[in-house]
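Notes follow the structure.
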Amino acid sequence: MLQGGQFDNMKDTQAYIERIRRVSRDYQRLELAVDKSLSSMLAGQAVLARRIEKDYEIQHWNPYLRELWFPVEILNSNIIVVEVPAATSYQPGQLLSLLGPIGKPFKFRRKLRNVLLIVYDTPPTSLLMMLPALLANDASVTMVLMGTACQYDTGHLPEEIEILHAEEDLSWQDMVMTLGWADQVFVLVGPSKELSNFADVMRLVRERRNDVPANYIFGVFQRQLPCAVGACYVCMLRSNAGAKLQCVDGPAFDLTTLHLEN
Ligand code: FES
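In terms of my numbering, the sequence shown has 304 at position 175, counting the first letter as 1, and numbering is strictly consecutive.
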């Protein structure tokens, strides 16, 4: 599965936090001055980040020393923006080690008019970087928040995005119409019950749409990645085409092809 040249673009580089901006009660955005190699990242790609600090590993050690960060914005040739919980303390000037870019960019249909984002038990952060390009191309975007995602304050997101909150049974108003109208759907779930949450969403979709075509609904995985180079298989998924790895083949997979049972 590991192929020569596959990781030619991935680099271990240093960055620092240039600016910190609080965007809502619970979230802050960090503007990171990064190596130029990261400024061409596209929506769907991520970095593995860790602080460079004396004794940091000793004081905060865990088996996953790096956190998976999906940028929410690229500002210019060397600034990427990430959104992280406000409860985590960062200071401007903080040095970081970034490993990336990781993963493949999201694939969008050529003629894309309506995009549906379903966010279940997780903040929508990993999907946010696609928004500027979609809006610039006049696509309509609806975001449905489910479960704990309903607690995410969307006040700082572009006002053109339609935001809906699902009921406890995960249904939402005009569901049949929204699903029929969408040219492409991206589903983001929290990493704890990811397969069963994706299965819940697929059940809902199949109940309301006679046919769910290929390349219509994509699940976006955000597991922590111990190696990110296809070596450890912690991020392995089963699909109709055999084993797939989030770090190499993902993070987005056609949900009609994945085996979602645990
Ligand atoms: S993180 Fe090790 S194989 Fe994907």
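For each residue, glycine too, the CB sits at the ideal point set by N, CA and C.
Model, not experiment: these values are computed from the prediction.
> Under a Cβ-count criterion, where at least 16 other Cβ atoms within 10 Å of its own Cβ denotes burial, should Ile-181 be classed as buried or exposed?
Replying inline: exposed
>> Does the distance between the C-beta of Ala-357 and the nearest non-hydrogen atom of the ligand FES fall short of 7 Å?
In response: yes
>> For a test of your reading of the model: does the CB of Gln-174 fall under 7 Å from any non-hydrogen atom of the ligand FES? Yes or no.
In response: no
> Are at least three pairs of beta-carbons, each pair with one atom in the segment 209 to 229 and one in the segment 274 to 282, less than 8 Å apart?
Replying inline: no
> At a cut-off of 7 Å, is Ala-396 close to the ligand FES when judged by its beta-carbon and the heavy atoms of the ligand?
Replying inline: Within the shown structure, residues of the chain are numbered from 130 to 391, placing residue 396 beyond reach of any answer.
> Expressed to the nearest angstrom, what Euclidean distance is found between the alpha-carbon atoms of Arg-351 and Ser-368?
Replying inline: One point to set straight first is that residue 351 is Gln, not Arg, in the sequence displayed. Cα to Cα, the separation comes out at about 17 Å.
>> Using a 10 Å radius around the Cβ and a threshold of 16 neighbouring Cβ atoms, would you call Asp-141 buried or exposed?
In response: exposed
> Counting along the chain, where does the alpha helix (DSSP H) carrying Phe-327 start and finish?
Replying inline: 323 to 337
> Just to confirm, does Ala-360 get its C-beta within under 7 Å of one of the non-hydrogen atoms of the ligand FES?
Replying inline: yes
>> Checking the sheet assignment: what are the DSSP bridge partners for Asn-344?
In response: BP columns for Asn-344 are empty, so no partner.
>> When you measure from the CB of Cys-279 to every non-hydrogen atom of the ligand FES, does any distance come out below 7 Å?
In response: no
> Should Val-349 be counted as a contact of the ligand SAH given a C-beta to heavy atom distance under 7 Å?
Replying inline: This structure does not include the ligand SAH; its bound ligands are the ligand FES.
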